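Only one structure is covered here, and it is reproduced in the block below.
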Amino acid sequence: MDIDTTYQAPSVDEIKTLLTEKFAGKVNVTKIETRRVYATLPKEFVHEVCEYIHEKLTFEHISTVIGVDMVDYMQVVYQISNYYTGVMVELTADLDNHDLHVQSISDIWVGGNWHERETYELFGIIFDGHPKLERLLTPDTYEFYPFRKSYKLRGQE
Amino acid sequence: MVYSSILNWVQFPDVMSNMYYPFNVYNLPYDISYKLWELLGGTIAWLINLLVPGNPVSTWLVCDEVVNMFALIIFMIVIFLVVFIGTLISLWEERKVLGRLMDRRGTMIGMKGFLQCVADGFKTFMKENTMPKKVDKMTYMWTLALVIGTSVLIACMIPLSQRWFVVDYNTGLLIIMALFALAPFFILVSGWGQNNKYSLIGGMRAAELMISYEVPMLIMIATTALMAGSFNIGDIVNAQFDSTWYFIPQIVGFITFFFCATAESERPPFDIAEAETELVEGWQTEYAGMKWGLIMLADYFRGYVACAMVTIMYLGGWLLPWDPLQINTYLPEITFLIKTWFVFFMMIILRGAIARVRPDQILNIGWKVFMPLSVINLAIVLMLKIGGVY
Amino acid sequence: MVMEFLKKYPYDKNIPRRTLWIMKPIVVVSKLFVKAVVHRDVAILYPYEDLWMPDNYRGRPGLRFDKCISCGICVRMCPTSCIELVEVLDDSGNTVKRPQVNIGRCAFCGYCAEYCPVNAMTVTPEKELAEYTREDLIYGPRRLACDKINENMEVHLEETLMSDIKNGNSERRVNSFMIDRPILDSSKCISCRKCEKVCPVKAIKMIEHGVNAKGRPILWPEVNKDTCVCCHNCVDDCPKSALHMDEVL
Amino acid sequence: MMAKDVLDIKAESAQMDTDKMWIIMGPQHPFSHGLWTLKIQVDGEIVKDAEPIVGYLHRGWEKEAEARPYPKIIPMADRLCYAASMTYTHLFCMTVEKALDIDIPEKAKYIRIVADEICRIQSHLMWLAAVGTDLGNLTLFLWGMREREFFMDLNVRLCGARMTTNYTRIGGVRNDTTELFDRDVMRCVERFEKVLWDLIALVDDSSIFVSRMKGVGNLTREQTVNLGITGPAMRGAGVDFDIRRDDPYDNYDKIDFDVPVMTQGDSYSRYQVRIEEMFQSCKIIRQAVKKINALGKNAPYRLKVPSNVPAGRSTARLEDPRGESLMYLISDGTDKPYRLKVRSPIFTNVSAAKPLVQGSRIADVPVIMAMIDMCLGETDR
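Residue numbers (this note's numbering), protein chains in the order written: chain G, 1 to 157; chain F, 158 to 547; chain H, 548 to 796; chain L, 797 to 1177.
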């Protein structure tokens, strides 16, 4: 997938138009700033959208996969950046508390592998198709997920 | 009761007059130890004679055979002490010079830092003698003793001058080189015996390093012997007295031998077997306390021997290029030691300036660069020999 | 914008001819060797010589005993909560509350010196703080007050207001503790006088506003604008949280 | 029994997996510069497989940050990466300023640039010193540390602490630059640019250093980018991206400097990128100090910010000496963050240890991992 340098990477507005018309009902671009695009999407299309962004829009680098515990539901936030224009796309996908499964994107970007493992061990979000979903930072004997809001620090309650 | 004064028990006869004098040339350390025993034995004999006049023991203590025997024992201690102090000074020199290379002070406490090195060495002797359980007892202990033994043995065998020698072989250099080359086998077996991954790799690397550097060294020793006409160290040095020092005609040989000697004595930049960032301590990982202290000492003995061989073969042993004050007649040993420390100083600069070489690079430098260079050196010497220059 | 290093040492500068070239490092190292032997080397021999530290060096915190008004802002602002107010006798004999710092927990961040409204807590360049037991690490107020505290050990909190910048007067710097004042939500106030007792600088006076149903006077706190140091004690201690801090931006 | 001929024996031994040996270059190891383990499977000297294990320094930084008001997180952010503490406090303050949607004064931006570049040079010097010990030459270590002392003195002059500087505040910086600060900075930078050539001569002119670093730990541009390696390790493999230039923050667009990019993608090119970055940082410091002087003595350097941050989400990213570091903040109107995620460059660079180290020799493992410039505080958070 060697992109010749003459290819002009998409600017922020082009990304918005490309995304909205390619994934009409699914991706909804919430906000645009200089070199930032924020979008939300249902969790089923995460893999498909990421693949599209990776192939067509030459976003080559995934910065982070962030897990967020909003008490009544969970969220996974992908931050994907482009090396040609410095633009960063932020995809947010909501997960129901009972079905914490989302398609892993470590096959598109290998860099996201450890981020997903960390989000799994701290929040309990299971990434299907992840080559080695195991505990990374916390010791293997942990059964609970420490970063959930339900896990109270000693000072809190 | 006839009183015999101490003077007729402690005469200082000429050493050579003793019937059993073991050497055929005047030997200074033997002379020192002979006189020491005369003093010591004489006083003991005199005391016993005071208590029991005319008893056979005191006459036995002073007769020729006994004096010779005890003199030999003290002779061993004198030789070892001098070499031991020489190595300790080179250790101290390393810590001070390496410090100054790195813009810091070396050791400070004790006579300008010397006693701190002695204290560090002595401290390791005080440490507990631990023996890890999973280690193969026999190899762990024996190979250590052999490595230290051979190193100290060669260090003592190096003659410091015409009159300061243990034994005057006429194949001096070859024997030193032979014993010098024994160490890699012991290191290999000890690395393997320690049953620890790091030391296994360290042992293998030590073996491959030393074997591949002995070949160029032997060729260069042969060339020097060829030039000097004999293997005897005394003859080599005298040959250099007649003509120039050998590092001028054999400049190529001097440089390659210097590098081979650093590699052979496992000093950086060739210390891939011992302390390496990824092998931690290499084959010395499982030794602790006194054992490790002795290994460190053995390393410095081998460094001392390597430098001594360089001085003997290339820098004209105990000779001074021009000798206005005839120092050489009184202190040839000091000139030899100073030259050895100077070569050691060059090894320290090498250690401070250059990074560690990768094992496979070491082998390919050893076989592809130093081997041909030593052969070139041999060719140069042959041409000089045939051309009648030397 | 030329990159001299990459120009001088391009990637393939060491062409094979120079593979065994090691003279330059030896020359550089011996030059330094001579310099270190002739002149003094850079090393500082710690126990005998010491590195000079300027006064603003953040060693352990220091306290100027008499200037402290025991307002407790340093207790609230300390990230590792290692400061406590302790009863101690001051010079004239009456018991007074002064901060006591547990150096074992202290992060040497300088917040207590920065947020102290009267600059009683300062930063001292003292860094030799080793002790034998953990209890010795707890510095009482007297021990904190080391004698040689001077004014450039103080840390000043100077902020500019955004409103100042908007109306062009951006030179003016102000200490945020001198402008924010607590505001009373009179409906919640049950006139229990707690805020008056708790205020360290006695800036709160209870003003009477008529009589309530049971005939007892209704007292509302009224804050004296210039003596208040905005230490949040009254805001935190008010049982009905009638007071809240109005931040002037 | 018929004697087996050589080929059978060779075939048999190929299946028998006896010669592979797992070496654990454990948490306490001279090459690891911190607490992490690299398990390598070794066949003779060649490394067949590698598996990094991290997590020894995991202290739940993000969970702890959720229980603290915003100003109290700044000293914690210092302790993320102890070698480059200024960049992480700067990153945290930038994220909160974005959430507050305020624009900090010009002088504060330039002071932050100077402080960041001093911290970058200091961190690169610590890395250069570590390269010295990894390759067996202690002189480079001592010289590197000596140079670093001068920059740590600048930190002390600026904010009173050598390493954990705790200098940036939400809305600006802690205190103004002291009166002789620009003279000290210029003196230090000029001296450093003269003396750095000695360190370079020790490494670049010695063919042993170069031959050990060249052709080791090769990664193509695609592999580097896909593995998520960022920072100088990525620029060594041909990716021309630097957040300070391509996604500028805090007036970096007003300063012109070069971004060194090498295409060979091995340890030597990564080394050269970092050395060139030190020269560029000196250039940046010069321009920024000139601009600070131009702004005058009593220009504002710190804004007064409310203690409660309005609800919302904000991300900010910054060019850390080791790569791209990023913070994602969810604030809920109180004075404590609801969720604060830190992306550390070394966390992803270490995950690429296996492809980096595979196929090299044991002696090369420290050299390769030295070019990733490990800092375990930020990896484990």
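Virtual Cβ for every residue (Gly too), placed ideally from N, Cα, C.
Given the structure is predicted, the values throughout are model-derived calculations rather than measurements.
How big is the Cα-Cα spacing for residue 855 of chain L and residue 112 of chain G? Counting from one through the fourth sequence, the residue named residue 855 of chain L turns up at place 59. Counting from one through the first sequence, the residue named residue 112 of chain G turns up at place 112. One C-alpha to the other measures close to 22 Å.
For the alpha helix (DSSP H) holding residue 149 of chain F, just list the boundary residues, first then last. Lying outside 158 to 547, the shown extent of chain F, residue 149 of chain F is not represented and no answer is given.
Select from F/192, F/325, F/456 and F/509 the residue whose C-alpha is nearest the C-alpha of residue 341 of chain F. To locate residue 341 of chain F, count along the second sequence from 1; it is residue 184. Selected option, being the one with the closest Cα: F/456.
If you compare alpha carbons, which of F/218, F/181, F/243 and F/198 is closest to residue 491 of chain F? Counting from one through the second sequence, the residue named residue 491 of chain F turns up at place 334. It is F/243.
Across which residues does DSSP place residue 126 of chain G in a beta bridge pair? In the first sequence, the residue the question calls residue 126 of chain G occupies position 126. Paired residues: G/101.
Classify residue 1166 of chain L as buried or exposed, calling it buried when 16 or more other Cβ atoms lie within 10 Å of its own Cβ. Position 370 of the fourth sequence, counted from the first residue, corresponds to residue 1166 of chain L. Burial call: buried.
At least one CB of chain L closer than 8 Å to the CB of residue 605 of chain H: is that the case? Residue numbering aside, residue 605 of chain H sits at position 58 when the third sequence is read from its first letter. Answer yes: the Cβ-Cβ gap between residue 605 of chain H and chain L drops below 8 Å somewhere.
From the DSSP output, in three-state form, read off residue 886 of chain L for me. For the purposes of this step, residue 886 of chain L is taken as residue 90 along the fourth sequence, with counting starting at 1. Helix, per DSSP.
Could you tell me whether the Cβ atoms of residue 516 of chain F and residue 1149 of chain L are closer together than 8 Å? Counting from 1 along the second sequence, the entry for residue 516 of chain F is found at position 359. Counting from 1 along the fourth sequence, the entry for residue 1149 of chain L is found at position 353. No, these two residues do not count as a Cβ contact at 8 Å.
Rounded distance between the beta-carbons of residue 414 of chain F and residue 374 of chain F, thought under 8 Å: Here residue 374 of chain F refers to the residue found at position 217 when the second sequence is read from its first residue. Here residue 414 of chain F refers to the residue found at position 257 when the second sequence is read from its first residue. Here residue 374 of chain F really is in contact with residue 414 of chain F; their C-beta atoms are around 7 Å apart, less than 8 Å.
Could you check the C-alpha separation between residue 270 of chain F and residue 498 of chain F for me, to the nearest Å? One-based indexing of the second sequence puts residue 270 of chain F at position 113. One-based indexing of the second sequence puts residue 498 of chain F at position 341. Each residue's alpha carbon lies about 17 Å from the other.
Would you mind working out which of L/1085, L/1103, L/1104 and L/1140 sits nearest residue 909 of chain L, comparing C-alpha positions? Within the fourth sequence, numbered from 1, the residue matching residue 909 of chain L stands at position 113. Of all alpha-carbon atoms in L/1085, L/1103, L/1104 and L/1140, the one lying nearest the alpha-carbon of residue 909 of chain L is that of L/1085.
Proximity winner among L/953, L/1046, L/925 and L/979, relative to residue 967 of chain L (alpha-carbon distances): Your numbering for residue 967 of chain L matches position 171 in the fourth sequence. Answer by Cα proximity: L/1046.
Contacts of residue 939 of chain L in chain F (Cβ-Cβ under 9 Å): Here the question's residue 939 of chain L lines up with position 143 in the fourth sequence. Those are 259 and 260, listed as they occur along chain F.
Check whether the Cβ atoms of residue 976 of chain L and residue 924 of chain L lie closer than 8 Å to each other. Here residue 976 of chain L corresponds to residue number 180 of the fourth sequence, with the count starting at 1. Here residue 924 of chain L corresponds to residue number 128 of the fourth sequence, with the count starting at 1. Their beta carbons are not under 8 Å apart, which means residue 976 of chain L does not touch residue 924 of chain L by this criterion.
Is it buried or exposed for residue 940 of chain L, if we count other Cβ within 10 angstroms and need 16 for buried? On the fourth sequence, residue 940 of chain L is found 144 positions in, with the first residue counted as 1. Burial call: buried.
On the CB-based measure, 16 or more other CB atoms within 10 Å of its CB, does residue 797 of chain L come out buried or exposed? Counted from its first residue, the fourth sequence places residue 797 of chain L at position 1. Bear in mind that the predicted position of residue 797 of chain L carries a pLDDT of just 41, short of 50, making it too unreliable to give a figure here.
Terminal residues of the alpha helix (DSSP H) in which residue 277 of chain F lies: In the second sequence, the residue the question calls residue 277 of chain F occupies position 120. Counted as a single uninterrupted DSSP element, the alpha helix (DSSP H) harbouring residue 277 of chain F occupies residues 271-283.
Where does residue 598 of chain H fall in DSSP's three states? Translated into positions along the third sequence, residue 598 of chain H becomes position 51. The answer is coil: DSSP assigns residue 598 of chain H none of H, G, I, E or B.
Can you tell me whether residue 43 of chain G is buried or exposed, with buried defined as 16 or more other CB within 10 angstroms of its CB? Position 43 of the first sequence, counted from the first residue, corresponds to residue 43 of chain G. So residue 43 of chain G counts as buried.
Return the bridge partner residues of residue 1123 of chain L from the DSSP annotation. Position 327 of the fourth sequence holds residue 1123 of chain L. The partner list for residue 1123 of chain L (beta bridge, DSSP) reads L/1112 and L/1138.
Would residue 296 of chain F pass as a contact of residue 356 of chain F if the rule is Cβ separation under 8 Å? Working through the second sequence from its first residue, we reach residue 296 of chain F at position 139. Working through the second sequence from its first residue, we reach residue 356 of chain F at position 199. Taking 8 Å as the Cβ cut-off, residue 296 of chain F and residue 356 of chain F do not qualify as a contacting pair.
According to a CB-to-CB cut-off of less than 8 Å, which residues of the region 694-709 of chain H neighbour chain L? 702, 703, 705, 706, 707, 708 and 709
Just the chain B side, please: which residues come within less than 7 Å of residue 1115 of chain L by C-beta, in chain order? In the structure shown, chain B cannot be found, because the protein chains are G, F, H and L.
Check whether the region 762-777 of chain H and the region 1065-1080 of chain L are in contact - that is, three or more C-beta pairs closer than 8 Å. no
Do we get a CB-CB distance below 8 Å when we pair residue 588 of chain H with the residues of chain F? By one-based count along the third sequence, residue 588 of chain H stands at place 41. So yes, residue 588 of chain H belongs to the interface.
Sort F/454, F/229 and F/398 by Cα distance to residue 424 of chain F and report the nearest one. As a position in the second sequence, residue 424 of chain F is number 267, starting the count at 1. It is F/454 whose Cα lies nearest to the Cα of residue 424 of chain F.
What are the boundary residues of the beta strand (DSSP E) that includes residue 649 of chain H? Here residue 649 of chain H refers to the residue found at position 102 when the third sequence is read from its first residue. Looking at the DSSP string, the run of the beta strand (DSSP E) that includes residue 649 of chain H is 642-649.
Go ahead and pull the three-state DSSP assignment for residue 341 of chain F. The count along the second sequence starts at 1 and reaches residue 341 of chain F at position 184. Residue state, collapsed to three classes: helix.
Expected contact under 8 Å - CB spacing of residue 397 of chain F and residue 380 of chain F to nearest Å: Locating residue 397 of chain F in the second sequence gives position 240, counting from the first residue. Locating residue 380 of chain F in the second sequence gives position 223, counting from the first residue. 14 Å between Cβ atoms; not a contact.
DSSP-derived helix/strand/coil call for residue 513 of chain F: For the purposes of this step, residue 513 of chain F is identified with residue 356 of the second sequence, where counting begins at 1. If DSSP states are grouped into helix, strand and coil, residue 513 of chain F belongs with coil.
Residues of the region 953-974 of chain L with Cβ closer than 8 Å to any Cβ of chain F, in chain order: none
Would the beta-carbon of residue 369 of chain F fall within 8 Å of that of residue 535 of chain F? One-based indexing of the second sequence puts residue 369 of chain F at position 212. One-based indexing of the second sequence puts residue 535 of chain F at position 378. Against a cut-off of 8 Å, the Cβ pair of residue 535 of chain F and residue 369 of chain F comes out as no contact.
Per DSSP, the bridge partner or partners of residue 962 of chain L: As a position in the fourth sequence, residue 962 of chain L is number 166, starting the count at 1. None, per the DSSP bridge assignment.
Residue ranges of each alpha helix (DSSP H) run of no fewer than 4 residues wholly in the region 1036-1121 of chain L, ordered along the chain? 1039-1042 and 1063-1091
Quick check: the Cα distance between residue 81 of chain G and residue 90 of chain G, rounded to an integer number of angstroms? Here residue 81 of chain G is taken as the residue at index 81 of the first sequence, counted from 1. Here residue 90 of chain G is taken as the residue at index 90 of the first sequence, counted from 1. Cα to Cα, the separation comes out at about 9 Å.
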